[in-house]
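Trainee:
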Amino acid sequence: MFVTLLLNCLIYMGAMLGHVAICTIAMNRLQGSGIAYRWERVVKKFIYVGAFIGGVYPAIAWISYQPDQDGSGLGAPLVLVRSQVQGNVGYYTVVMAVLVVTVALRVLHVWRDRCESRWSLLRRRCIDVQAEVETNLVSAGPVLCWSRCGWNEVQKLEVNVKSILMERLPAALNGMTITHFSDLHLTGKLGKAYFEFLMERVVSLNSDLVVVTGDIIDNPELLPWVEDLFANIAAQGNVYYVLGNHDIRNQSGDIVRQAMARAGCIDLGGKSVVREVQGHQVLLSGNEQPWIGNAPDIPTRKVDLRLAVVHTPDLFGWGQNQGFDLMLAGHAHGGQIRVPFVGPIVTPSRYGVRYASGVFYQRETTLHVTRGISGLQPIRYRCLPELTQLQLESTTTH
């Protein structure tokens, strides 16, 4: 009897996990689809309703089932789920199958996407920004409560340096540096002092190029912050950016571009430019799809490095087809919450959590996805905000 009860409880738990998995899969794909925000909110409500119904239905079924009515000694929720999994095919049969497939694919992707030979972490430093600045980063309200949770890393910053091995990089560009950060999500929930500290770190890295991959602002009242913050790092004229979906959610993308232009930053949205770095030609192409505009025209002229700047890592395939050497992306936030032994769960991408953050390599194209700086929800667990300097290394020097 005990073994039967335990087995059925495990089946029930598996079905509930499968239900959570299928709802999460739907949410991740929706937020990476590029549909208009007003329709995204409508579809989200349907997903929330479905998540609630699927979660509580087995318990509600207790009303219509008598315990032990099938002679098993089990309550109605266990009977309902077990009957579907073991016999009659139903919703809970499907979601358990989805759970098994999802776990299998995740393991496969982690194994296939490993590219340790293509990059290495040279150094990293975790900074408690609140301890470094004189003003409170969060002043009041629920955000203050969240930020004070000991496990919450929202007021911290990891500054790291990564070496990226490039097959087609000329030896003369060996050691070229790119500072990459993304997803500031200026909402006012996190004080301006945090972002001023960030910009000081960007300046201190002193890279050849600085690249920002979108989702700069959510609150249009903070547009003056954009100009103030980016003016501090754009003096050398080497700061390039694209916009993300949040940059056009509550305000016009044009006014964000105007603020960035006044700060001295260079807009790559739907454009390609060729710039000279250390005496060599570097192509920079920006793609803000699927939310904004069209893909850029890619020049056919020979250059020494082809760099794609995108908001979402979902464009990895596009970058490979266009023959880019390096792609930089954000959007995914690393998942913000990374469960021990599981990793990220919620990531706004058509590929789920596959490209949540890190370095990926396929078909001679390297993709770097940053964990981003902030987000709408002031919560981060085992997923530090990230500022990265990439040091490009030529294979001809190894």
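Just so you know, we're using my numbering here: the sequence shown kicks off at -7 and counts up by one.
Quick reminder that beta carbons are idealized off the backbone N, C-alpha and C, glycines included.
Please state whether DSSP places Met191 in a helix, a strand or coil.
Mentor: To locate residue 191, count along the sequence shown from 1; it is residue 199. Here Met191 sits in helix by DSSP.
Trainee: Can you tell me whether Pro332 is helix, strand or coil according to DSSP?
Mentor: Residue 332 sits at position 340 when you count from the first residue of the sequence shown. It is coil, neither helix nor strand.
Trainee: From Met319 to Ser264, what distance separates their C-alpha atoms?
Mentor: Taking the first residue of the sequence shown as 1, we reach residue 319 at position 327. Taking the first residue of the sequence shown as 1, we reach residue 264 at position 272. Distance between the alpha carbons of Met319 and Ser264 is about 14 Å.
Trainee: So what does DSSP say about Arg298, is it helix, strand or coil?
Mentor: By 1-based counting over the sequence shown, the position of residue 298 is 306. Correct three-state label for Arg298: strand.
Trainee: Buried or exposed for Ile225, please, with buried defined as at least 16 other CB atoms from any protein chain shown within 10 angstroms of its CB.
Mentor: Position 233 of the sequence shown holds residue 225. Buried, because 16 or more other Cβ atoms sit within 10 Å of the Cβ of Ile225.
Trainee: Does the distance from the C-beta atom of Asp220 to that of His177 stay below 8 Å?
Mentor: As a first step, residue 220 is located in the sequence shown; it is residue number 228 there, counting from the start. As a first step, residue 177 is located in the sequence shown; it is residue number 185 there, counting from the start. Cβ atoms of Asp220 and His177: not closer than 8 Å.
Trainee: If you count every other CB in all the chains shown that lies within 10 Å of the CB of Ser366, and 16 or more means buried, which is it?
Mentor: Here residue 366 corresponds to residue number 374 of the sequence shown, with the count starting at 1. Buried, since its Cβ has 16 or more Cβ neighbours within 10 Å.
Trainee: According to DSSP, simplified to helix, strand and coil, what is Val204?
Mentor: Taking the sequence shown and counting its residues from 1, the one referred to as residue 204 is at position 212. Note: Val204 maps to strand in three-state DSSP.
Trainee: Start and end of the beta strand (DSSP E) containing Gln424?
Mentor: Here the chain comprises residues numbered -7 to 390, so residue 424 is not present and cannot be evaluated.
Trainee: Less than 8 Å between the beta carbons of Glu394 and Phe189, yes or no?
Mentor: Residue coverage of the chain in this structure runs from -7 to 390, which leaves residue 394 outside it and unanswerable.
Trainee: Identify whether Ala321 lies in helix, strand or coil by the three-state DSSP scheme.
Mentor: Residue numbering aside, residue 321 sits at position 329 when the sequence shown is read from its first letter. It is a strand residue.
Trainee: Are at least three pairs of beta-carbons, each pair with one atom in the segment 153 to 167 and one in the segment 309 to 319, less than 8 Å apart?
Mentor: Yes, the segment 153 to 167 is in contact with the segment 309 to 319.
Trainee: Given Thr171, which residues of its chain have a CB within under 6 Å of its CB, disregarding the five upstream and five downstream residues?
Mentor: Here residue 171 refers to the residue found at position 179 of the sequence shown. Result list for Thr171: Val194, Leu197, Ser199, Val202, Gln381, in chain order.
Trainee: Between the alpha carbons of Ile247 and Ile284, how many angstroms are there, rounded?
Mentor: The residue you call residue 247 lines up with position 255 of the sequence shown. The residue you call residue 284 lines up with position 292 of the sequence shown. Approximately 14 Å, taken between the alpha carbons.
Trainee: Considering only C-alpha positions, which residue in the set Val(-5), Pro377, Gly278 is nearest to Tyr232?
Mentor: Taking the first residue of the sequence shown as position 1, residue 232 is located at position 240. Comparing Cα positions, the closest option is Gly278.
Trainee: Indicate whether Tyr353 and Cys107 have their beta-carbon atoms separated by less than 8 Å.
Mentor: Looking up residue 353 in the sequence shown gives position 361. Looking up residue 107 in the sequence shown gives position 115. In this structure, Cys107 lies closer than 8 Å to Tyr353 by Cβ.
Trainee: For Arg110 versus Thr362, is the C-beta spacing smaller than 8 Å?
Mentor: As a working mapping, residue 110 is identified with position 118 in the sequence shown. As a working mapping, residue 362 is identified with position 370 in the sequence shown. Contact flag unset, no.
Trainee: Tell me which same chain residues have a C-beta within less than 7 Å of the C-beta of Asp296, skipping the five on either side of it?
Mentor: Counted from its first residue, the sequence shown places residue 296 at position 304. Excluding residues within five positions, the ones whose Cβ falls inside 7 Å are Pro162, Leu165, His272, Gln273, Val274.
Trainee: Taking the C-alpha atoms as reference points, what is the distance between Arg241 and Tyr29?
Mentor: Counted from its first residue, the sequence shown places residue 241 at position 249. Counted from its first residue, the sequence shown places residue 29 at position 37. Rounded to whole angstroms, Arg241 to Tyr29 spans 7 Å at the Cα level.
Trainee: Do you know offhand how far Val153's Cα is from Tyr186's?
Mentor: Your numbering for residue 153 matches position 161 in the sequence shown. Your numbering for residue 186 matches position 194 in the sequence shown. For Val153 and Tyr186, the distance between alpha carbons rounds to 20 Å.
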